[in-house]
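Just below is one structure, and these are the notes that go with it.
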Amino acid sequence: MTQLITTELVELDQNLGNSPEDVIRHLAGRVAATGRATEAEGLFTDAFARESKTATGVPGGIAIPHCRSTAVTVPTLAMARLSQSVDFGAKDGPADLIFFIAAPEGADQEHLKLLSKLARSLIKKDFTAALRAANTQADIVELVEGALADKPAAAAAPAAAGATAAAATAPSAGAATGAAAGAAGRGPKRLVAVTACPTGIAHTYMAADSLVAAAKEVGVDLQVETQGSSGAKPLDPAVIAAADAVIFAVDVDVRGKERFAGKPVINAPVKRGIDEPDKMVQEALAAADNPNARRVPHFGAEEQAEAEATEKGEHIGQKLKKALLTGVSYMIPFVAGGGLLIALGFLMGGYLITQFADTIVVDNSIFNLPTEYPENAWGPLGAYLGAVLFKIGALSLGFLVPALAGYIAYGIADRPGIAPGFVAGAVAGFMGAGFLGGIVGGLLAGYIAHSIGKIQVARWLRGLMPVVIIPLVASLVASGLMFLILGAPIVAITVGLNNWLSGLTGASAIALGVILGLMMCFDLGGPVNKVAYSFAVAGLGAATLDNQAPWQIMAAVMAAGMVPPLAMALASTVLDKKRFSLAERENGKAAWLLGASFISEGAIPFAAADPLRVIPASMLGGAVTGALSMATAVGSKAPHGGFFVFFAIDNFLMFVVSILAGTVVTALAVIALKRWAVRKSVDTVEPVPVTV
Numbered sequence: 000m001t002q003l004i005t006t007e008l009v010e011l012d013q014n015l016g017n018s019p020e021d022v023i024r025h026l027a028g029r030v031a032a033t034g035r036a037t038e039a040e041g042l043f044t045d046a047f048a049r050e051s052k053t054a055t056g057v058p059g060g061i062a063i064p065h066c067r068s069t070a071v072t073v074p075t076l077a078m079a080r081l082s083q084s085v086d087f088g089a090k091d092g093p094a095d096l097i098f099f100i101a102a103p104e105g106a107d108q109e110h111l112k113l114l115s116k117l118a119r120s121l122i123k124k125d126f127t128a129a130l131r132a133a134n135t136q137a138d139i140v141e142l143v144e145g146a147l148a149d150k151p152a153a154a155a156a157p158a159a160a161g162a163t164a165a166a167a168t169a170p171s172a173g174a175a176t177g178a179a180a181g182a183a184g185r186g187p188k189r190l191v192a193v194t195a196c197p198t199g200i201a202h203t204y205m206a207a208d209s210l211v212a213a214a215k216e217v218g219v220d221l222q223v224e225t226q227g228s229s230g231a232k233p234l235d236p237a238v239i240a241a242a243d244a245v246i247f248a249v250d251v252d253v254r255g256k257e258r259f260a261g262k263p264v265i266n267a268p269v270k271r272g273i274d275e276p277d278k279m280v281q282e283a284l285a286a287a288d289n290p291n292a293r294r295v296p297h298f299g300a301e302e303q304a305e306a307e308a309t310e311k312g313e314h315i316g317q318k319l320k321k322a323l324l325t326g327v328s329y330m331i332p333f334v335a336g337g338g339l340l341i342a343l344g345f346l347m348g349g350y351l352i353t354q355f356a357d358t359i360v361v362d363n364s365i366f367n368l369p370t371e372y373p374e375n376a377w378g379p380l381g382a383y384l385g386a387v388l389f390k391i392g393a394l395s396l397g398f399l400v401p402a403l404a405g406y407i408a409y410g411i412a413d414r415p416g417i418a419p420g421f422v423a424g425a426v427a428g429f430m431g432a433g434f435l436g437g438i439v440g441g442l443l444a445g446y447i448a449h450s451i452g453k454i455q456v457a458r459w460l461r462g463l464m465p466v467v468i469i470p471l472v473a474s475l476v477a478s479g480l481m482f483l484i485l486g487a488p489i490v491a492i493t494v495g496l497n498n499w500l501s502g503l504t505g506a507s508a509i510a511l512g513v514i515l516g517l518m519m520c521f522d523l524g525g526p527v528n529k530v531a532y533s534f535a536v537a538g539l540g541a542a543t544l545d546n547q548a549p550w551q552i553m554a555a556v557m558a559a560g561m562v563p564p565l566a567m568a569l570a571s572t573v574l575d576k577k578r579f580s581l582a583e584r585e586n587g588k589a590a591w592l593l594g595a596s597f598i599s600e601g602a603i604p605f606a607a608a609d610p611l612r613v614i615p616a617s618m619l620g621g622a623v624t625g626a627l628s629m630a631t632a633v634g635s636k637a638p639h640g641g642f643f644v645f646f647a648i649d650n651f652l653m654f655v656v657s658i659l660a661g662t663v664v665t666a667l668a669v670i671a672l673k674r675w676a677v678r679k680s681v682d683t684v685e686p687v688p689v690t691v
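The structure is reproduced here in structure tokens:
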């Protein structure tokens, strides 16, 4: 296995700058200079982006900046002992021991386990004392390799270990006394914990060990499940069942949270598990004795405390946005699959297959092909297969409104909201209230189910609430309101909107194309993008040969959404490579396929790195594409697929021309902005001379 750290990767008693940015940039340069990364700038960008999310300073004057990066070729550990400490965000002050962990995107499990083991060693005082006492780079390498091989630090640096022995002895005696007293006062307690961080290399394991050590000091048994990059071994269900409380020290969602349902819970960022493990243990012990403590919900919802904080801290617009995006994200697979099947049905059975499909599917089979079918079908077999594909697609598309409403309700009330939401959506579809009716029905069902779920009921009734009472009452109230009061006005609005869209011609249609193009490129898969896309797919069910406006809107939306990734690919791999980092050029290669497939998110890496140039340039090109598409009456019967659903696109030539025009405009605009727009200069990383 490749050596993780060498003497060339160690710097002792150097001043590397005044900020984490300076230190990380320098260490990234050293990693690149030793041939373990293809470029310093790309590695620095990834590492500093990770640092910006969560500070990596930990107690004891230590910092562990780390990242996964496409620039890294070999799993690497660089270390610096600073002559001038730098603040990496630890509560106890700045850090003088810096360990920079650089892992490739596809790092193997063995290397990740070693890096995780090193991170755990850094919370051991004898190990860090030995690092501070080491005289040479070779001593540091020996200490690190000893830690990775589970050798005691005393073997490598006896003087340093001896110096810390006396200091370590006194606290341990006091801890033992406190543990005995604590155990006597409270009785034996058992805790479980889950630790997890976005990268899953360092903080995950350091928090785990810190919590275990803090629990041991007070005589408490605590077992931890680390959900990190080197794999996770789930806690034994019997251990979870016997636990008095659970600690979640996580920055990401807990996998399998339902296993802890009903347990009192303490939830905090993973870094608090390193900085304040003793306080988290004490809070968990207090929660175990408190009948009113927050608990892990039974239905896989977000952790209760987080949900309550969200309700208090978010305004109504944020809550609505979350619920609507949840509904749209779950609805899209129904729409994408159904729309493509309908497009294939049109291809094989002709556009008039809608008039024959029901009869053909019921009266015929593969062994009894139809004799009556559209003239432009691919013969009897094509007509039969086209009818089957069309019917499957139409049935799938029929779930559009119920799925939208059901999962909007799910976003508000979790699982108890799904059934009332689907029922309210089905009512909206039955009444012809369409997309708007689905939104209203889903919101009604979700908030009603959520309100009922907050009612305190007797213990014997709690089990019936989510499976009987909430679905029954919420379905009755939400769907009843749709039938009795809200349905008719929403239907009138929907009909008026469809009539207006059907009558769009000339300048008004072009203006709509501009607006849709701007929306699709504003946030590249975010809320505004999803609103435009949902608006387009919701209208597909109303499209006919006599009313092709919904198909034209769908084409404009899809074409505009393809522009940002294609433009970034063109700019970064063809027109002006030097304006983009190596990582961006690599992303640009992938963006060709993503853009061609109508995956707007392919431009996100570029927008994240330079939003003030990429977003406006993308919106400019998207507006051009949307306007051209609407002006030339391009239509798409498929809701997704990009160039790969050419057979479902009317006037395919102008579809391509529209996309090419917007792509070129965006690519030239972003290059112009990068060349001439004022920007803060960024110092390049100079190659670091390697010394032994």
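Heads up: the sequence shown begins at 0 in numbering that gives the first Met the number 0, then just goes up one per residue.
The beta carbon of each residue, even a glycine, is placed where N, CA and C say it ideally should be.
Bear in mind that the values here come from a model prediction, so they are computed numbers and not experimental data.
Determine the direct distance from the alpha carbon of I352 to that of Y383, and round the result to whole angstroms. Taking the sequence shown and counting its residues from 1, the one referred to as residue 383 is at position 384. Taking the sequence shown and counting its residues from 1, the one referred to as residue 352 is at position 353. So the two alpha carbons sit approximately 9 Å from each other.
R674 classed as buried or exposed, judged by whether at least 16 other C-beta atoms fall within 10 angstroms: Taking the first residue of the sequence shown as position 1, residue 674 is located at position 675. Counting Cβ neighbours within 10 Å, R674 comes out exposed, since fewer than 16 surround it.
E224 - containing beta strand (DSSP E), residue span: The residue given as residue 224 occupies position 225 in the sequence shown. From DSSP, the beta strand (DSSP E) with E224 extends over 220-225.
Assuming S478 and A555 are in contact, meaning their beta carbons sit under 8 Å apart, how far apart are those beta carbons, in whole angstroms? Within the sequence shown, residue 478 is the residue found at index 479, counting from 1. Within the sequence shown, residue 555 is the residue found at index 556, counting from 1. Not quite, the Cβ-Cβ distance comes to about 35 Å (not below 8 Å), so this is no contact.
Going by beta-carbon coordinates alone, are P415 and P373 separated by less than 7 Å? Numbered from its first residue, the sequence shown carries residue 415 at position 416. Numbered from its first residue, the sequence shown carries residue 373 at position 374. The answer is no: Cβ separation not under 7 Å.
V542 - DSSP class collapsed to helix/strand/coil: What you label residue 542 is simply residue 543 of the sequence shown in a count that begins at 1. Position check: residue 542 holds Ala in this sequence, whereas Val was assumed. DSSP, read as helix, strand or coil, puts A542 in coil.
Between the Cα of F259 and those of T203, F366, K278, L190, spot the shortest distance and give me the residue it belongs to. Against the sequence shown, residue 259 aligns to sequence position 260. The residue with the shortest Cα to Cα distance from F259 is L190.
Residue from P103, E40, A432, V140 whose Cα sits closest to the Cα of A487: In the sequence shown, residue 487 corresponds to position 488, counting from 1. For the set P103, E40, A432, V140, the Cα lying nearest the Cα of A487 is the one of A432.
Report the three-state DSSP secondary structure of R293 (helix, strand or coil). Walking along the sequence shown from the start, residue 293 turns up at place 294. Coil at R293, not helix or strand.
Flag A448 as yes if its beta-carbon sits less than 7 Å from any beta-carbon of chain C, otherwise no. Given the protein chain composition of this structure (a single chain), no chain C is represented.
Could you give the C-beta distance for T37 and A70, rounded to a whole number, given that I count them as a contact under 8 Å? What you label residue 37 is simply residue 38 of the sequence shown in a count that begins at 1. What you label residue 70 is simply residue 71 of the sequence shown in a count that begins at 1. Between A70 and T37 the Cβ distance is about 5 Å, and since that is below 8 Å, they are a contact.
Span separating the alpha-carbon of G640 from that of D362: Translated into the one-based positions of the sequence shown, residue 640 becomes position 641. Translated into the one-based positions of the sequence shown, residue 362 becomes position 363. Answer to the nearest angstrom: the Cα atoms are 32 Å apart.
Does the Cβ-Cβ distance between F43 and A54 come in under 7 Å? Your numbering for residue 43 matches position 44 in the sequence shown. Your numbering for residue 54 matches position 55 in the sequence shown. No. Outside cutoff.
Please report the residue range of the beta strand (DSSP E) in which F99 lies. The residue given as residue 99 occupies position 100 in the sequence shown. Residues 94-103.
Could you give the first and the last residue of the continuous beta strand (DSSP E) run that contains F651? Within the sequence shown, the letter at position 652 stands for residue 651. No beta strand (DSSP E) contains F651, which is instead part of the alpha helix (DSSP H) from 651-675.
Does the beta-carbon of K637 have 16 or more other beta-carbons within 10 angstroms, so that it is buried, or is it exposed? To locate residue 637, count along the sequence shown from 1; it is residue 638. As written in the sequence, residue 637 is Ala, which differs from the Lys given in the question. Classification for A637: buried.
The beta strand (DSSP E) enclosing L599, as first and last residue numbers: On the sequence shown, residue 599 is found 600 positions in, with the first residue counted as 1. Note that residue 599 is Ser in the sequence shown, not Leu. Element bounds for S599: n/a, residue is neither H nor E.
Over the uninterrupted beta strand (DSSP E) stretch that includes T75, give me the two end residues. The sequence position of residue 75 within the sequence shown is 76, counting from 1. Looking at the DSSP string, the run of the beta strand (DSSP E) that includes T75 is 75-85.
Are the stretch 277-286 and the stretch 231-241 touching, with three or more C-beta to C-beta distances below 8 Å? No contact exists between the stretch 277-286 and the stretch 231-241.
Cα separation between V140 and N291? Walking along the sequence shown from the start, residue 140 turns up at place 141. Walking along the sequence shown from the start, residue 291 turns up at place 292. Whole-angstrom Cα-Cα distance: 51 Å.
Segment limits, alpha helix (DSSP H) that includes R131: Numbered from its first residue, the sequence shown carries residue 131 at position 132. It spans 124-132 - the alpha helix (DSSP H) in which R131 sits, taken as one unbroken run.
Taking T624 as part of the alpha helix (DSSP H), name the residues at either end of that continuous run. Translated into positions along the sequence shown, residue 624 becomes position 625. Taken as a continuous stretch (DSSP letters only), the alpha helix (DSSP H) holding T624 covers 610-630.
Counting along the chain, where does the beta strand (DSSP E) carrying L210 start and finish? Numbered from 1 along the sequence shown, position 211 holds the residue referred to as residue 210. Counting along the chain, L210 falls outside any beta strand (DSSP E), though it belongs to the alpha helix (DSSP H) covering 202-216.
Which of helix, strand or coil does DSSP assign to P638? Taking the first residue of the sequence shown as position 1, residue 638 is located at position 639. Note: P638 maps to coil in three-state DSSP.
Taking the alpha carbon of N289 as the reference point, which residue from V264, K270, V663 has its own alpha carbon closest? To locate residue 289, count along the sequence shown from 1; it is residue 290. The shortest Cα separation from N289 among V264, K270, V663 belongs to V264.
Less than 8 Å between the CB atoms is what I'm expecting for V623 and G587, so what's the real figure, rounded? Within the sequence shown, the letter at position 624 stands for residue 623. Within the sequence shown, the letter at position 588 stands for residue 587. Actually they do not touch by this definition, with Cβ atoms about 21 Å apart.
Residues bridged to L11 by DSSP? Counting from one through the sequence shown, the residue named residue 11 turns up at place 12. Under DSSP, L11 forms a beta bridge with R80.
Please classify S474 as buried or exposed, where buried requires at least 16 other C-beta atoms within 10 Å of its C-beta. The sequence position of residue 474 within the sequence shown is 475, counting from 1. By the neighbour-count rule (16 or more Cβ atoms within 10 Å), S474 is buried.
Check R35 in the structure and name its three-state DSSP category. For the purposes of this step, residue 35 is taken as the residue at position 36 of the sequence shown. If DSSP states are grouped into helix, strand and coil, R35 belongs with coil.
Got a sec, what are the start and stop residues for the beta strand (DSSP E) A267 sits in? One-based indexing of the sequence shown puts residue 267 at position 268. Run containing A267: 264-267, per the beta strand (DSSP E) assignment.
Determine the direct distance from the alpha carbon of P564 to that of G634, and round the result to whole angstroms. Within the sequence shown, residue 634 is the residue found at index 635, counting from 1. Within the sequence shown, residue 564 is the residue found at index 565, counting from 1. If I take the Cα positions, the gap works out to 22 Å.
Over what stretch of residues does the beta strand (DSSP E) that includes A241 continue unbroken? As a working note, residue 241 is residue 242 in the sequence shown. Element bounds for A241: not the beta strand (DSSP E) but the alpha helix (DSSP H), 236-241.
Drop a sphere of 10 angstroms on the beta-carbon of T135, count the other beta-carbons inside from all chains shown, and report buried for 16 or more, exposed for fewer. Here residue 135 is taken as the residue at index 136 of the sequence shown, counted from 1. Exposed.
What is the C-beta distance between L403 and G326, in whole angstroms, given that I count them as a contact (C-beta under 8 Å)? By one-based count along the sequence shown, residue 403 stands at place 404. By one-based count along the sequence shown, residue 326 stands at place 327. Indeed, because the Cβ distance is near 5 Å, the residues count as touching under 8 Å.
Any idea if N14 is buried or exposed, counting beta-carbon neighbours within 10 angstroms, 16 or more meaning buried? Position 15 of the sequence shown, counted from the first residue, corresponds to residue 14. Classification of N14: exposed, given that the 10 Å Cβ count is below 16.
Give me the DSSP bridge partner(s) of R189. Taking the first residue of the sequence shown as position 1, residue 189 is located at position 190. Paired residues: D220.
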